[in-house]
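In my numbering, the protein residues as written are 168 to 465.
Working notes for the structure below.
Next up, the structure:
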């Protein structure tokens, strides 16, 4: 269904690709057509929406305002589709989920699949990144709901727990530490360790847990930070060291014994996966999915 003025749709595509040529490919139109639409839009608002520096383009302040407003309008159109469908007893529409890496890979796909069976006419778009990035996309209206694993909270976002998780210490089965079974907190702080990148909800939870136990995480022997749990699992296969990851992310490897869990005396890192949505607004699609998620036996 055509919703927004087509020039507005072209503008959103250019912004999200930061490229006229990529937007043309995405929309299956010519690059001159993209340029024409953007020029017409700039004439509508009597200002430049992009700043061009060499081969790169950047949003002007006016462009940022237009983009955020267009994203809000796009979401309102999608909500309208859904609400009109409800009146006609045909639940339809679409919404966007932003999920942190661990949740996107190991938790939410089966929930989405089950939701799709129940509501086959609702389209779902899943984006993923670290928790910080997903909260940023939520605030920018790029996603309608975020599923995060961090512990910090933003004042304009509301949170609700949907699943308990635990971070555990693992090592590769060929590692020199694989036969240890139990280690002390002091040993853990001195072992070579691979961790997630800055901005990761997992890393935030790990640092807070160590702080509660009086361990300074800044002095860890951490030669490597990787951008995904999958990367960490593969890295551990040939690394004499440990990692701290979601238990849900390594259940298969623990069963196959390619990874080994190490217990840490007097130390555990429980955490929660949370639903996040913007303060003061929750669409009917989001409410429907949220209720489905909260009642789903993960």
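Just so it is clear, CB atoms sit at the ideal spot from N, CA and C, and this is done for glycine as well.
Next on the checklist: Using the Cβ count rule (16 or more neighbours within 10 Å means buried), how would you classify residue 308?
Outcome noted: So residue 308 counts as buried.
Checklist entry - Hey, quick one: how far does the beta strand (DSSP E) through residue 381 stretch, first residue to last? => result Element bounds for residue 381: n/a, residue is neither H nor E.
Next on the checklist: According to DSSP, is residue 169 part of a helix, a strand, or is it coil?
Outcome noted: The pLDDT assigned to residue 169 is 48, lower than 50, so where the model puts this residue is not dependable; a value taken from the coordinates is nonetheless given after this. In the structure shown, residue 169 sits in coil (DSSP, three-state: anything other than H, G, I, E or B).
Item to check | Beta-carbon spacing of residue 156, residue 376 below 7 Å | outcome: Within the shown structure, residues of the chain are numbered from 168 to 465, placing residue 156 beyond reach of any answer.
Checklist entry - Under a Cβ-count criterion, where at least 16 other Cβ atoms within 10 Å of its own Cβ denotes burial, should residue 266 be classed as buried or exposed? => result buried
Checklist entry - Ordered along the chain, which non-local residues of its own chain (more than five positions away) have a Cβ less than 7 Å from that of residue 270? => result Closer than 7 Å at Cβ, skipping near neighbours: 314, 316 and 440.
Next on the checklist: Need the endpoints of the alpha helix (DSSP H) that residue 453 sits in, please.
Outcome noted: DSSP places residue 453 in the uninterrupted alpha helix (DSSP H) bounded by 451-461.
Next on the checklist: Looking at residue 263: is its Cβ nearer than 7 Å to the Cβ of residue 331?
Outcome noted: Not closer than 7 Å, so no.
Item to check | Residue from 345, 279, 188 and 173 with nearest C-alpha to residue 425 | outcome: 345
Item to check | Nearest-angstrom Cβ-Cβ length linking residue 445 and residue 301, presumed shorter than 8 Å | outcome: Residue 445 to residue 301, Cβ: 12 Å. No contact.
Checklist entry - Among 372, 275 and 289, which has the Cα closest to the Cα of residue 319? => result Residue 319 has its Cα closest to that of 372, out of 372, 275 and 289.
Item to check | Candidates 462, 248 and 406: closest to residue 450 by CA position | outcome: 248
Item to check | Rounded separation between residue 368 and residue 296 - CA only | outcome: Cα to Cα, the separation comes out at about 10 Å.
Checklist entry - Could you give the C-beta distance for residue 396 and residue 298, rounded to a whole number, given that I count them as a contact under 8 Å? => result Not quite, the Cβ-Cβ distance comes to about 13 Å (not below 8 Å), so this is no contact.
Item to check | Pairwise C-alpha distance: residue 347 and residue 358 | outcome: 13 Å
Checklist entry - Can you give the Cα-Cα distance for residue 286 and residue 260, rounded to whole angstroms? => result 10 Å
Next on the checklist: Run through the DSSP bridge pairs and tell me what residue 225 is partnered with.
Outcome noted: 218
Item to check | Local Cβ density within 10 Å of residue 379, reported as buried at 16 or more and exposed below that | outcome: exposed
Next on the checklist: With the cut-off set at 7 Å, would you say residue 208 and residue 174 are in Cβ contact?
Outcome noted: Yes, these two residues count as a Cβ contact at 7 Å.
Item to check | Contact set for residue 219: own chain, Cβ-Cβ below 7 Å, skip 5 residues either direction | outcome: So the list is empty, once near-sequence residues are dropped.
Next on the checklist: Just list the residues that DSSP pairs residue 338 with in beta bridges.
Outcome noted: 409 and 427
Checklist entry - For residue 382, which residues of its own chain have a beta-carbon under 7 Å away from its beta-carbon, when the five flanking residues on both sides are left out? => result 352 and 356
Checklist entry - Buried or exposed: where does residue 452 fall if 16 or more other Cβ atoms within 10 Å of its Cβ makes it buried? => result Per the 10 Å Cβ criterion, buried.
Next on the checklist: Quick check on DSSP: helix, strand or coil for residue 396?
Outcome noted: helix
Next on the checklist: Check this for me: beta carbons of residue 303 and residue 442, under 7 Å apart or not?
Outcome noted: no
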